[in-house]
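Quick note on my numbering: the sequence shown kicks off at 558 and runs consecutively.
Yeah, the Cβ is synthetic: ideal placement off N, Cα and C, and Gly gets one too.
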Amino acid sequence: ITISIFYGDIDSGEGIASQYVTHRVWNGTVNVLSYLYNVTGQPGYYTIIVPAQQFGGLGLQNFTVFFNWTGPVSTYQDSYLNTAANIVGEDSQLTLLITAEPTPYLENMTYTLFYAAVNGTGISNITSNVYVSIEFVGETIDLSQVTIWEINQITDPGNTECYVVQVLCGRWGLVI
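Structure, rendered in structure tokens:
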């Protein structure tokens, strides 16, 4: 969820860009995880990113965004605004295009997947909102040692490769 905000001086109309500007986003129950970015070259313009996955599903989310001046001298007023975001999903499909051949010896494995909308249009991870993980039946592997990447977000959206070093599976032999 992306929220754009202008925080400025009422008298002068100038934007306020300072280390003393803080924010918080409240959803009526708790302060939610959010990140504040000052738009470079535009004092007073801020972007707030609220990761949608923290809400655990789809639907309407109401927020109160608070902007506060925390400087040593009370120079500016604190402010807030109410806003809402509707988190929607898209029907999708995941297709295994190329699979590694099972081998009885230590060999690395590469899988190619295609993540797409049901109409066949590839879904890119250019926004970093697509999460891919893999698991093997009966095996525990360290996913931080597995390389997963989208082949080309611009020309080939949705095509993803997973590279697994078989030694991560803890044994040699058939791994499915």
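Would you please state the rounded distance, in angstroms, between the beta carbons of residue i and residue j? I believe it to be under 8 Å.
{"i": "Tyr637", "j": "Phe623", "result": "5 Å"}
{"i": "Val607", "j": "Val589", "result": "6 Å"}
{"i": "Tyr520", "j": "Ala657", "result": "The shown model of the chain, from 558 to 733, leaves out residue 520, and the question about it has no answer."}
{"i": "Thr559", "j": "Thr604", "result": "6 Å"}
{"i": "Gly628", "j": "Ser575", "result": "7 Å"}
{"i": "Asn682", "j": "Gln710", "result": "7 Å"}
{"i": "Tyr602", "j": "Phe563", "result": "6 Å"}
{"i": "Ala674", "j": "Asp648", "result": "7 Å"}
{"i": "Ala719", "j": "Ile698", "result": "Looking at the sequence shown, residue 719 is not Ala but Cys. At roughly 11 Å, the Cβ-Cβ gap does not stay under 8 Å, so Cys719 and Ile698 are not in contact."}
{"i": "Pro600", "j": "Ile573", "result": "7 Å"}
Cα-Cα, which of the options is closest to residue i?
{"i": "Asn639", "options": "Tyr564, Trp583, Thr678 and Thr597", "result": "Trp583"}
{"i": "Val689", "options": "Val703, Thr697 and Glu696", "result": "Val703"}
{"i": "Glu696", "options": "Gly679, Val721, Asp713 and Ile560", "result": "Val721"}
{"i": "Ile680", "options": "Gly715, Glu664 and Ile691", "result": "Gly715"}
{"i": "Gly598", "options": "Ile644, His580 and Glu571", "result": "Glu571"}
{"i": "Thr684", "options": "Ile562, Gly565, Val596 and Ala609", "result": "Ala609"}
{"i": "Ile708", "options": "Thr717, Ser701 and Asn595", "result": "Thr717"}
{"i": "Asn595", "options": "Leu617, Ala674 and Gly565", "result": "Gly565"}
{"i": "Asn643", "options": "Phe612, Thr652 and Gln650", "result": "Phe612"}
{"i": "Ala641", "options": "Asp713, Gly585 and Val687", "result": "Gly585"}
{"i": "Thr678", "options": "Pro600, Val694, Glu692 and Thr652", "result": "Thr652"}
{"i": "Gly614", "options": "Val645, Val587 and Trp626", "result": "Val645"}
{"i": "Gln634", "options": "Asn665, Gln618, His580 and Ile655", "result": "His580"}
{"i": "Phe693", "options": "Asn676, Asn686 and Met666", "result": "Met666"}
So what does DSSP say about residue i, is it helix, strand or coil?
{"i": "Leu615", "result": "coil"}
{"i": "Ser631", "result": "coil"}
{"i": "Thr586", "result": "coil"}
{"i": "Gln576", "result": "coil"}
{"i": "Gln610", "result": "helix"}
{"i": "Thr656", "result": "coil"}
{"i": "Thr667", "result": "strand"}
{"i": "Val596", "result": "coil"}
{"i": "Phe624", "result": "strand"}
{"i": "Tyr603", "result": "strand"}
{"i": "Tyr564", "result": "coil"}
{"i": "Ile503", "result": "Any question about residue 503 goes unanswered here, given that the chain covers just 558 to 733."}
{"i": "Ser636", "result": "strand"}
{"i": "Ser569", "result": "coil"}
{"i": "Ile733", "result": "Residue placement at Ile733 is poorly supported in this model, since its pLDDT is 46, which falls under 50; the coordinates are not used for a value here."}
{"i": "Ser591", "result": "coil"}
Start-end ranges of the beta strand (DSSP E) lying completely within the stretch 673-730, minimum 3 residues = 704-709 and 713-721
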